[in-house]
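Input: a single structure, listed below in structure tokens.
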Amino acid sequence: MNAVTRLLRSTGGLGLVVLVLVASLPLWFIQTNFVLSVATLTLIFMAASLGWNVISGFGGQISFGHSIFFGLGAYTTAILQVHYHLNAYLGVLLGVVVAVVLAVLLGAVTLRLRGIYFSLATFALTLVFAILTGHYEGFTGGEVGLTLPLLGDAPGEFSFENKVTFYWIAMILAALAFVATWLVLRSRLGLQLRAIQADQEAAQASGVLAFRVKLTGLVISAVPAALAGSVYMQYVGFIDPDSAFGATVATQIAVIAFVGGAGKLWGPVVGAVILVPLQQLLNSSLSAYPAGFNLVVYALVVLVILWIEPRGIMSMRFRRRRARPPTGAAPPGEPDPEPAAAVPSSREAG
Amino acid sequence: MTTLVQTLVSGILVGGLYGLFSSGLTLIFGITRVINFAHGDFVTLGMYGAVLLFASAGLSPLIGIVPVAIISFVLGLIVYRVIVRRTLSVKGISAVDAQHGQLVLTLAVSILISNVLLMIFGPSPQAVQGVLPAVYDVFGVYIAQARLVSFVIALVVFLLLYLALQRTLYGKAIRATVDDRDMASMVGVDPDKVYAVSFSVGIMLTGVAGCVLATYYPVTPTTGAGFLIIAFVTVVMGGLGNVVGAFVAGLLVGIIQQVTAIYVAVDLQDVGLFLVFVLVLVLRPQGILSGRRASA
Amino acid sequence: MAGPLLRVEGLTVRFGGLVAVNDVHFTVDDGELLGIIGPNGAGKTTMFNAVAGAVRPTSGTIRIGDELVSGKPPERVARLGIARTFQSVRLFKAMTVAENVTLSASTVCPSMAAARARADEVAELLGMTALQQIRVEELPLADQKKVEIARALALRPKLLLLDEMMSGLNQSETRDIIGVIKQLNGDGLTTIVIEHVLRVIMELSHRVLVLDHGVQIAEGPPRDVMRDPRVVEAYLGRSAAQNLGEPA
Chain A
2 MNAVTRLLRS TGGLGLVVLV LVASLPLWFI QTNFVLSVAT LTLIFMAASL GWNVISGFGG
62 QISFGHSIFF GLGAYTTAIL QVHYHLNAYL GVLLGVVVAV VLAVLLGAVT LRLRGIYFSL
122 ATFALTLVFA ILTGHYEGFT GGEVGLTLPL LGDAPGEFSF ENKVTFYWIA MILAALAFVA
182 TWLVLRSRLG LQLRAIQADQ EAAQASGVLA FRVKLTGLVI SAVPAALAGS VYMQYVGFID
242 PDSAFGATVA TQIAVIAFVG GAGKLWGPVV GAVILVPLQQ LLNSSLSAYP AGFNLVVYAL
302 VVLVILWIEP RGIMSMRFRR RRARPPTGAA PPGEPDPEPA AAVPSSREAG
Chain B
347 MTTLVQTLVS GILVGGLYGL FSSGLTLIFG ITRVINFAHG DFVTLGMYGA VLLFASAGLS
407 PLIGIVPVAI ISFVLGLIVY RVIVRRTLSV KGISAVDAQH GQLVLTLAVS ILISNVLLMI
467 FGPSPQAVQG VLPAVYDVFG VYIAQARLVS FVIALVVFLL LYLALQRTLY GKAIRATVDD
527 RDMASMVGVD PDKVYAVSFS VGIMLTGVAG CVLATYYPVT PTTGAGFLII AFVTVVMGGL
587 GNVVGAFVAG LLVGIIQQVT AIYVAVDLQD VGLFLVFVLV LVLRPQGILS GRRASA
Chain C
4 MAGPLLRVEG LTVRFGGLVA VNDVHFTVDD GELLGIIGPN GAGKTTMFNA VAGAVRPTSG
64 TIRIGDELVS GKPPERVARL GIARTFQSVR LFKAMTVAEN VTLSASTVCP SMAAARARAD
124 EVAELLGMTA LQQIRVEELP LADQKKVEIA RALALRPKLL LLDEMMSGLN QSETRDIIGV
184 IKQLNGDGLT TIVIEHVLRV IMELSHRVLV LDHGVQIAEG PPRDVMRDPR VVEAYLGRSA
244 AQNLGEPA
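Protein chains in written order, with the working numbering: chain A, 2 to 351; chain B, 347 to 642; chain C, 4 to 251.
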């Protein structure tokens, strides 16, 4: 309970408001399946992006390959269910295991790279996954993709007639991912990741085991992404190489966080709430807009937001700038809830 | 044996164009430190430029180079002035935050370009047909005229760039900035101008590469995504910021791609490339064609 | 403890064709304050980096106590008890003072609570408790340098390496930092100081090591070293050394 109070305090009560709002959403919109579907997808991508935030936002190792974990979650679940008739929940669990193993293997290679080289390597690797899943079609369904069998209402198999259930599941997933990143941020790991982002040599000179810390960060950050992929699979019922590992998903996860504010606790939440609905609402398959229109608007919104503040929405000041407190007081922005150190300053955690 | 020679020749011919648009990317990175995620889409724009000029005015892409180059230069200037420069002018922003901002902004530009093209031209492939249709048979190795001419143009344009960098005042300013930006600004090089010129020239080279590529390669709005990653691979192999390295690496990338396509599987041609890329990154991050040791 | 705290033997660092540090031998006793001086480019910082693990020696060994340090990565060296500051301040600028110090404490303390307590302790020792919640980038340079010291101290080092602490500071700030260094050394902390302000070295050091072009040209008590003709020559050139009436 103590931790919950602290979470609410350190997020300025915003957490409580958001929680109530989000939890009650289906009660207002329960009739319209479209809104429900948009909200569910928002929460799923929010979770993936929250995961991304751990290694890339806090740790500064910008990954354009989190789609690898998202896709592995989705494909593992699907393959086990379609080919081996394994229980869906077990499939979700194994999806996480596979993603974690891959995170260790890929991290061991790529985390030795600095800055942009890491980003480019992860980007290339996710495209490798996309091509390989397309090529080895016996297993993965190739370019056509995999479709889950229709099971109707089978709660034991992660299949629900009532789509509100998926909404709740996605919400729990996003909430867990949020709490997890919050816990990371105020932990030793979070502090050390932020130090690595700021200056890896200086962090090492302070005794930070940089490689191990980054690898731990990558593994933790792969888990929400993999879970998001599994839940996406169960919800949508279909996956193909491009919607699992493709450049669009790869960059989407990162862009959500960047628009909200990479490295800020609330960044991925804000980013997902803005970008995912935008993309879905204007989607041509569901409306009269021409193909491409939704992404044109999407791109323009991203451009405008980052043009105004390249560090994302959570870094914007909104003209509420208070007079800078005299020396010795809390840093500007928001009151520091825990004076005793490792709570991140407003700039980092917003 | 003939197959091997054929494969190598095909690889080199397409590699010349890779080299040209990659030298544009590396020029941009070397000077401005911007990772241009929209780079592939400027190739696409060049290709659509060629298609449009051919379809509407009957203009051959070989002549279309001129208007495409001018338009690309202007577009590059706009992207630099309006978007990239913005991130540098935000108060209190760190260099890393600015670079990440540019990364996402150019990514948004990429999404914007490809989807505007999708709205205008639709998803089906378009091509410039019937220009340079001949195929030469050289001792059993087939060489398409379009590929050969494109390669020659790429080579000539690249040599012009190289001469410009070596001989002109701007070229010298640009090279000075690559070597040591602080020193360059101390001797009176205006960094903002150098940034703007090199960004625009980089985009111009890319547009030109796209324009000639259209003579034998069909274009769709999403073609650029593939070129983007090819350009990244090429630039890293050549050593980030190394223009000559990028061009040579372009040839190498073309060859790797063709060899994988012929000897492994066509749809895996990029896997070989990407795996070589990751290997290069891990083993020799300074690039395989760069003599310099990676600085700490 | 038997023998010296730090023992450097035959240390050589080569960058390509350039020999930055050439066959340097020295020891530092427990509780001692060693000053290292030399003209620009003498290899002082490279030698520091080698001791701190940031640069891998081409040959030679570095030991702290019985533990071999050379060849280990910087984070291991830090955990073995060699803490350093950087010549150009390299703090985590967007973090608070407390966070900066807690970070390094967190690498040696069993829990975050212990790390925070350690940070408070260090801050109090350096008289910086009032600055704890201020972001480092908002502090003046002199205070930032103190945070660098605090961050190093949080590691509970056996040996403290201070690289050009006085550069960019004015007279009174310099006095302030000198006071801090003396206090820490007085409390028993073994320290190596690199400095090109000779006055500071003279005042602080028990013993001085002089480097020139990577070669160790003199070693001994500050007064003696300053009179050594090779040192005068390295600093002022051959003619000055001859003018002082000493054979070169």
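Glycine included, each C-beta is placed from N, C-alpha and C at the ideal position.
What does the alpha-carbon distance come out to for the pair residue i and residue j?
i        : j        : result
Phe159/A : Pro150/A : 12 Å
Leu94/A  : Ile254/A : 21 Å
Leu451/B : Trp169/A : 34 Å
Leu301/A : Asn461/B : 11 Å
Val110/A : Val628/B : 7 Å
Val203/C : Ile181/C : 8 Å
Ser1/C   : Arg66/C  : Residue 1/C falls outside the range modelled here, since chain C spans only 4 to 251, and no answer is possible.
Ala324/A : Gln135/C : Confidence in Ala324/A is poor, its pLDDT being 46 and thus under 50, which makes the residue's placement unreliable; the coordinate value appears in the next sentence. Near 20 Å, if we compare the C-alpha coordinates of Gln135/C and Ala324/A.
Val271/A : Val626/B : 37 Å
Glu78/C  : Ala204/A : 8 Å
Gly365/B : Gly570/B : 15 Å
Ala263/A : Phe59/A  : 8 Å
Val232/A : Ala248/A : 20 Å
Val180/A : Trp308/A : 30 Å
Thr508/B : Val590/B : Contrary to the premise, residue 508/B reads as Tyr rather than Thr in this sequence. For Tyr508/B and Val590/B, the distance between alpha carbons rounds to 8 Å.
Val16/C  : Ala45/C  : 12 Å
Ala176/A : Thr166/A : 15 Å
Gly208/A : Thr561/B : 58 Å
Val260/A : Glu310/A : 9 Å
Leu94/C  : Glu124/C : 19 Å
Leu375/B : Val211/C : Per the sequence presented here, residue 375/B reads as Phe, with Leu not at that position. Phe375/B and Val211/C: Cα-Cα distance of roughly 46 Å.
Roughly how far, in whole angstroms, is the beta-carbon of residue i from the beta-carbon of residue j, given that I think they are within contact range, below 8 Å?
i        : j        : result
Val524/B : Gly587/B : 6 Å
Thr606/B : Gly486/B : That pair is no contact at about 23 Å.
Ile649/B : Tyr299/A : The structure shown does not extend to residue 649/B, since chain B spans only 347 to 642, so no value can be given for it.
Gly135/A : Pro242/A : 4 Å
Val111/C : Ala126/C : Their Cβ separation, rounded to whole angstroms, is 16 Å, which puts Val111/C and Ala126/C out of contact at 8 Å.
When we look at the beta-carbon of residue i and count the other beta-carbons within 10 Å, is it buried (16 or more) or exposed?
i        : result
Pro113/C : exposed
Tyr482/B : exposed
Gln186/C : exposed
Phe35/A  : exposed
Tyr424/A : Residue 424/A lies beyond the stretch modelled for chain A, which goes from 2 to 351, so this question has no answer here.
Ile549/B : buried
Arg115/A : exposed
Gly18/C  : Rather than Gly, the amino acid found at residue 18/C in this sequence is Phe. Exposed, because fewer than 16 other Cβ atoms sit within 10 Å of the Cβ of Phe18/C.
Gln235/A : buried
His86/A  : exposed
Gly386/B : buried
Gln512/B : exposed
Asn43/C  : exposed
Ala384/B : buried
Leu14/C  : buried
Gly329/A : Confidence is the limiting factor: at Gly329/A the pLDDT is only 40, short of 50, which leaves the residue's position unreliable, though a coordinate-based value still follows. Per the 10 Å Cβ criterion, exposed.
Tell me, please, whether the CB atom of residue i is closer than 8 Å to any CB atom in chain D?
i        : result
Arg189/A : Checking the listed chains, one finds no chain D in this structure; the protein chains it contains are A, B and C.
Quick check: the segment 363-383 of chain B against the segment 608-621 of chain B, are at least 3 beta-carbon pairs closer than 8 Å?
In short, these stretches do not touch, since the Cβ pair count stays below three.
State whether the segment 134-151 of chain A contacts the segment 7-15 of chain C, with contact taken as three or more CB pairs (one from each stretch) at a distance under 8 Å.
No, they do not touch.
So, does the segment 189-198 of chain C touch the segment 30-48 of chain C, judging by three or more C-beta pairs under 8 Å?
Result yes; three or more Cβ-Cβ pairs closer than 8 Å.
Is the segment 153-168 of chain C touching the segment 48-57 of chain C in the sense that three or more CB pairs, one from each, lie closer than 8 Å?
At 8 Å Cβ cutoff, the stretches touch.
Which whole runs of the beta strand (DSSP E) in the segment 352-403 of chain B are 3 residues long or more, in chain order?
No beta strand (DSSP E) of 3 residues or more sits fully in the segment 352-403 of chain B.
Quick check: the segment 212-222 of chain A against the segment 402-419 of chain B, are at least 3 beta-carbon pairs closer than 8 Å?
Two segments are said to touch when three or more pairs of C-beta atoms, one from each, lie closer than 8 Å; by this definition the segment 402-419 of chain B does not touch the segment 212-222 of chain A.
Can you find at least 3 beta carbon pairs, one from the segment 73-80 of chain A and one from the segment 221-228 of chain A, that sit closer than 8 Å?
At 8 Å Cβ cutoff, the stretches touch.
Which runs of the alpha helix (DSSP H) spanning at least 4 residues fall entirely within the segment 420-471 of chain B, listed in chain order?
Correct list: 431-435 and 441-467.
I want to know whether the segment 38-48 of chain A touches the segment 264-279 of chain A - three or more CB-CB distances under 8 Å.
The segment 38-48 of chain A, when compared against the segment 264-279 of chain A, does touch it at the 8 Å Cβ threshold.
Could you pull out every unbroken beta strand (DSSP E) segment of at least 3 residues lying fully inside the segment 181-249 of chain A, listed in chain order?
Within the segment 181-249 of chain A, no complete beta strand (DSSP E) run reaches 3 residues.
Pick out the complete alpha helix (DSSP H) segments inside the segment 269-312 of chain A, 4 residues or longer, and give them in chain order.
Within the segment 269-312 of chain A, the complete alpha helix (DSSP H) segments of 4 residues or longer fall at 294-309, listed in chain order.
So within the segment 170-203 of chain C, which uninterrupted beta strand (DSSP E) runs reach at least 3 residues, ignoring any that extend past its ends?
The qualifying runs are 193-197.
Would the segment 224-234 of chain C and the segment 56-74 of chain C be scored as touching if the rule is three or more Cβ pairs under 8 Å?
The segment 224-234 of chain C vs the segment 56-74 of chain C: no contact.
Output the residue ranges of the beta strand (DSSP E) runs that lie fully inside the segment 50-85 of chain C and measure 3 residues or longer, sorted by chain position.
Segments of the beta strand (DSSP E) lying fully in the segment 50-85 of chain C: 62-67.
Hey, is the segment 551-566 of chain B in contact with the segment 487-497 of chain B, meaning 3+ C-beta pairs nearer than 8 Å?
Pairwise C-beta distances place the segment 551-566 of chain B in contact with the segment 487-497 of chain B, as three or more of them are shorter than 8 Å.
Counting only runs of 4+ residues fully inside the segment 83-110 of chain C, write out the alpha helix (DSSP H) ranges in chain order.
Complete alpha helix (DSSP H) runs here, min 4: 100-109.
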